[in-house]
Amino acid sequence: MEDKADMSFWEHLDVLRGTLIKIIAGTAICGIMAFILKDEVFSIILAPKDSSFITYRLLDKISASASGTTADAFSVDIINTGLAGQFVTHMKIAVCTGMLLISPYAIYLLFGFLSPALYANERKYSLRIVISGYVMFVIGMLTAYFLIFPLTFRFLGTYQVSSEIPNMITLPSYINTLITMCIMLGILFELPVLTWILSKTGILSARVMRHFRKHAIVVIFIIAAVITPTSDMFTMSAVAVPVCLLYEASILIAAGNGTSPRRKKQAF
18 MEDKADMSFW EHLDVLRGTL IKIIAGTAIC GIMAFILKDE VFSIILAPKD
68 SSFITYRLLD KISASASGTT ADAFSVDIIN TGLAGQFVTH MKIAVCTGML
118 LISPYAIYLL FGFLSPALYA NERKYSLRIV ISGYVMFVIG MLTAYFLIFP
168 LTFRFLGTYQ VSSEIPNMIT LPSYINTLIT MCIMLGILFE LPVLTWILSK
218 TGILSARVMR HFRKHAIVVI FIIAAVITPT SDMFTMSAVA VPVCLLYEAS
268 ILIAAGNGTS PRRKKQAF
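In terms of my numbering, the sequence shown opens at residue 18 and continues consecutively.
Structure below.
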């Protein structure tokens, strides 16, 4: 670590280049593996389109125990309308999967490159922030995959204005909606981490968050309306409601960080 601190600017650039090469190479390797394991990868991605998906089965069990009724089985057809549509989608999913699989190693390498420039107390807090941020991002993606997207897809994919009009969802529409929801929910789930940082430095307090709660809820619904691929109220609410709950949890996090802004700055 001391050797890294004593390196020149150009030596730091060489280390950064080596780090980026490792990340790119790892992404390529994981992407190639995902490309080869096409059936396994797409069985996970396309699972929410059928009523056998775990979320639907759990909801049916809850509904059966509560009211004695279960939802009808369903399966929405996914179609391809472009000549190269399936190949392009295959490549996109392979790249996204490679980036997702390599992300822990990439974060480890980048933090290892940046950490020598930090003081000991800064390194400790930075490590907490990086780990917490990554965990919350993954939780957000899992929430989108197992809860938000299935509920949205089941409602919109089976909704019909007439029985004479069948639903056939295009492959790009399905994939783009899934990817967008996973990424956006992952980003929005960083709210508690951001709140912890701001409250720790004394910039934000639980009192301020409570005072502007109504304004925050309006902003959350506006952001949900902007980032969701579809423009319906159901999808917007499915994204906004979990974020509103995260906002309430963030108030508790801010309240637990102390009361005095001066003490917060000293602690950080």
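Ideal placement from N, C-alpha and C gives every residue a C-beta, glycine not left out.
Residue pairing from DSSP places residue 185 in a beta bridge opposite 94. Within the same chain, Cβ atoms closer than 6 Å to the Cβ of residue 208 are found at 263, 267, the five residues on either side in sequence being excluded.
A Cβ-Cβ contact shorter than 7 Å links residue 255 with residue 169. Apart from sequence neighbours up to five positions away, the residues of its chain that approach residue 222 with a beta-carbon distance below 7 Å are 216, 271, ordered along the chain.
Under DSSP, the beta-bridge partners assigned to residue 67 are 92. Shown here, residue 48 sits in a helix according to DSSP, grouped into three states.
The way I'd put it, the stretch 113 to 128 does touch the stretch 23 to 43; three or more beta-carbon pairs between them come closer than 8 Å.
Taking 4 residues as the minimum length, the alpha helix (DSSP H) runs contained wholly in the stretch 198 to 241 are 208 to 217, 223 to 228, in order along the chain. Nearest in C-alpha terms to residue 244, of all of 232, 260, 176, 231, is 260. The distance from the Cβ of residue 55 to that of residue 107 is about 6 Å, consistent with a contact at the 8 Å cut-off. The alpha-carbon of residue 198 is positioned some 23 Å away from that of residue 177. Here residue 119 really is in contact with residue 47; their C-beta atoms are around 5 Å apart, less than 8 Å.
When secondary structure is reduced to three states using DSSP, residue 180 falls in the coil class, being assigned neither helix nor strand.
Distance between residue 235 and residue 257, taken at the CA atoms: about 10 Å. In the three-state DSSP reduction, residue 138 falls in the helix class (H, G or I).
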